[in-house]
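Participant: Can you keep this structure in mind? I'll have questions shortly.
Numbering (the working numbering), first residue to last: 323 to 509.
Right under this line is the structure:
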């Protein structure tokens, strides 16, 4: 199924996003939403810039622009009474995150969002290694997990590196606040 990425930077788009990530009727087995949070120094003292959502079976990837929408990104309520806060704090949908620690810390301390019904895929990956008698002294990052379990097209590695370069001061391309500045100024 082709996937379209939509930047959610208006309330109208936010309400459209809610139609996808919080449907009124659930398929058998429930709803599973992949979530990722990006920001500047992502933790309780940092800044949330983007929250990404993808619902299993959907043709959309939603990039919730928290810089543009501010607290409304979480608290705006659509005509059916749904909000992003309700989705993230609710138990109707499973939320899949990889290494939820900083995402959860930032969402709770910066926006008062308490994640519920979360499956940390990083811990599942660790459990798999444990049960197959592999080394488990350290948690694997997402890149290593993907390289271990999936055969990705060569282009995906280049895309990932290009994305990192956009926000990487170590490569002389950006500053730590580039994420927020890029979203604020639209560059």
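Where a beta carbon is used, it is the ideal one built from N, C-alpha and C, also for glycine. Every value quoted in this text rests on a predicted model; they were computed, and no experiment measured them.
What's the call for residue 472, buried or exposed, on a 16-neighbour Cβ count within 10 Å?
Facilitator: exposed
Participant: Between 410, 460 and 461, which lies nearest to residue 373 when the distance is taken from Cα to Cα?
Facilitator: 410
Participant: Considering residue 389, what are the terminal residues of the alpha helix (DSSP H) in which it resides?
Facilitator: 388 to 391
Participant: When burial is assigned at 16 or more other CB atoms within 10 Å of the CB, is residue 465 buried or exposed?
Facilitator: Exposed: under 16 other Cβ atoms inside 10 Å.
Participant: State buried or exposed for residue 431, treating a residue as buried only when at least 16 other CB atoms are found within 10 Å of its CB.
Facilitator: For residue 431, the number of other beta carbons within 10 angstroms of its own is below 16, and it is reported as exposed.
Participant: Could you give the DSSP three-state label for residue 457: helix, strand or coil?
Facilitator: Of the three classes helix, strand and coil, the one that applies to residue 457 here is coil, per DSSP.
Participant: Would you call residue 414 buried or exposed, if buried means 16 or more other Cβ atoms sit within 10 Å of its Cβ?
Facilitator: exposed
Participant: To the nearest angstrom, how far is it from the Cα of residue 444 to the Cα of residue 462?
Facilitator: Each residue's CA atom was taken as its position, placing residue 444 and residue 462 some 7 Å apart.
Participant: Can you tell me the Cα-Cα spacing of residue 454 and residue 446, whole angstroms?
Facilitator: Pairing residue 454 with residue 446, the inter-Cα distance amounts to about 12 Å.
Participant: Closer than 7 Å by C-beta to residue 452: which residues in its own chain qualify, once you throw out the five before and the five after it? Chain order, please.
Facilitator: 458
Participant: In the DSSP assignment, what residue or residues form a beta bridge with residue 376?
Facilitator: 356
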